[in-house]
Amino acid sequence: MDPSGSDRLEIEFIGNATLLLRYGGATLLTDPNFLHKGQYAYLGNGLVSRRLRDPAREVDALPALDAVVLSHLHGDHFDRVARRGLDPGLPFLTTPHAARRLNTLHGFRRARGLETWEDRVLRARDTRVRITALPARHAGHPVLRRLLPPVMGTLLQFGEVDGPGGINLYLTGDTLLFEGLNEIPRRFPGIDLAVLHLGGTTLPGGMIVTMDAEQGVELARRVDAARLLPVHYEEYTVMKSPLSAFLDAAHREGLGERLVHCPPGGTTVLTAASRPAP
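In the working numbering, each number is its position in the sequence shown, counted from 1, plus 50.
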């Protein structure tokens, strides 16, 4: 990726699903997870999972933020360290379920819930970011879906305030494959980067609630993004599908040239680039 282009999105991978995004005058944080190695994330209904490595940046070392994009309210996406360390006046864009709880229980008074396909425009200095809630489903079985918090995918469309759209970034959220995801590329063709939440998170009884390697590759094929960034893997004890399995599957399916290699603690730069040749 050529970092010299005028449309330039800097992506710092802090760990799990936590990204620091900088484009023009805007700085956003996704799914703030700052627990340390050995600490436990609370997943609800008595379920916990131990973190296996430290985040690459501490919450008190973050730059000034313009907003937080939160896919859902789970302990490995918004934890007690983030709750104590983040400014309660920060805007949060999230699900209606998470927004209610952030407002009433945790004091984040500017949390706003988005229904699926609803959008909101954030303006930060010379930058405009359109944030659209996309379909996502954390579990397949209806009973299990009632036990897990609602989740959303997100499309972030970065551009200049008075200019054309620049870079389109798709965050899958903790989703499994389902029919509703097929509408995303129909409504939003030309996605520049898909950030895939992987890991094959497995609950007691063998129930998988995030994409494993094969599902991640299939979703990548469906949305046909120009670039693919895997995240949300090998961070917690419940994650059973390693990054290597996804990389192998992606190469087998001819998607190897689309992969963005950015380990936790790394930074990559995305520019508005032409799509890879089929």
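In this text, a Cβ means the ideal position worked out from N, Cα and C, and glycines have one as well.
Outcome for residue i when other beta-carbon atoms lying within 10 angstroms are tallied against a minimum of 16
i    : result
N95  : exposed
I64  : buried
N218 : buried
D52  : Reliability fails at D52, whose pLDDT of 38 lies under 50, so the model's placement of it is uncertain and the value that follows must be treated cautiously. Classification for D52: exposed.
G203 : buried
A111 : exposed
H156 : buried
N232 : exposed
P105 : buried
T154 : exposed
Sequence-distant residues of the same chain with beta carbon closer than 8 Å to residue i, five excluded per side
i    : result
R187 : R195, V201, T225, L226, F228, G230
D176 : G74, G75, E210, V211
R162 : P141, F142, L143, T144, A149, R170
A275 : Y220, I241, D242, L243, A244, R308
V273 : Y220, L231, I234, P235, I241, A244
Cβ-Cβ distance between residue i and residue j below 8 Å
i    : j    : result
G125 : Y92  : yes
L78  : A117 : yes
L120 : F142 : yes
A244 : T260 : no
F238 : L206 : no
L253 : S291 : no
L97  : V131 : no
H122 : P199 : yes
A183 : W167 : yes
R139 : R160 : For the record, residue 139 in the displayed sequence is Gly; it is not Arg. In contact: G139 and R160 (Cβ atoms closer than 8 Å).
V109 : G135 : yes
R101 : Y220 : no
D129 : N83  : yes
G306 : A299 : no
A322 : G216 : yes
L278 : L246 : yes
H127 : D81  : yes
Residue i - partner residues in DSSP beta bridges
i    : result
V245 : L221, L279
G94  : L97
V340 : Nothing in the structure corresponds to residue 340, since the chain is present only between 51 and 328.
F142 : V118, A161
T204 : A183, L221
A76  : Y73
T251 : M289
I258 : T252
Neighbourhood of residue i by C-beta distance below 6 Å, restricted to the same chain and skipping five residues each side
i    : result
L297 : none
E303 : V267
T318 : I61, V310, C312
D262 : G250, S291
Supposed close pair residue i, residue j - CB separation, criterion 8 Å
i    : j    : result
H311 : N66  : 17 Å between Cβ atoms; not a contact.
P314 : L293 : Contact doesn't hold; Cβ gap of about 10 Å is too wide.
Close-in-space but distant-in-sequence residues of the same chain around residue i (CB under 7 Å, 5 per side omitted)
i    : result
P146 : G163, E165
R178 : V171, G209, E210, V211
P113 : T77
The ligand GTP heavy atom lying under 7 Å from the CB of residue i
i    : result
M202 : Absence of the ligand GTP from the depicted structure is noted, as is the absence of any ligand whatsoever, leaving it without description.
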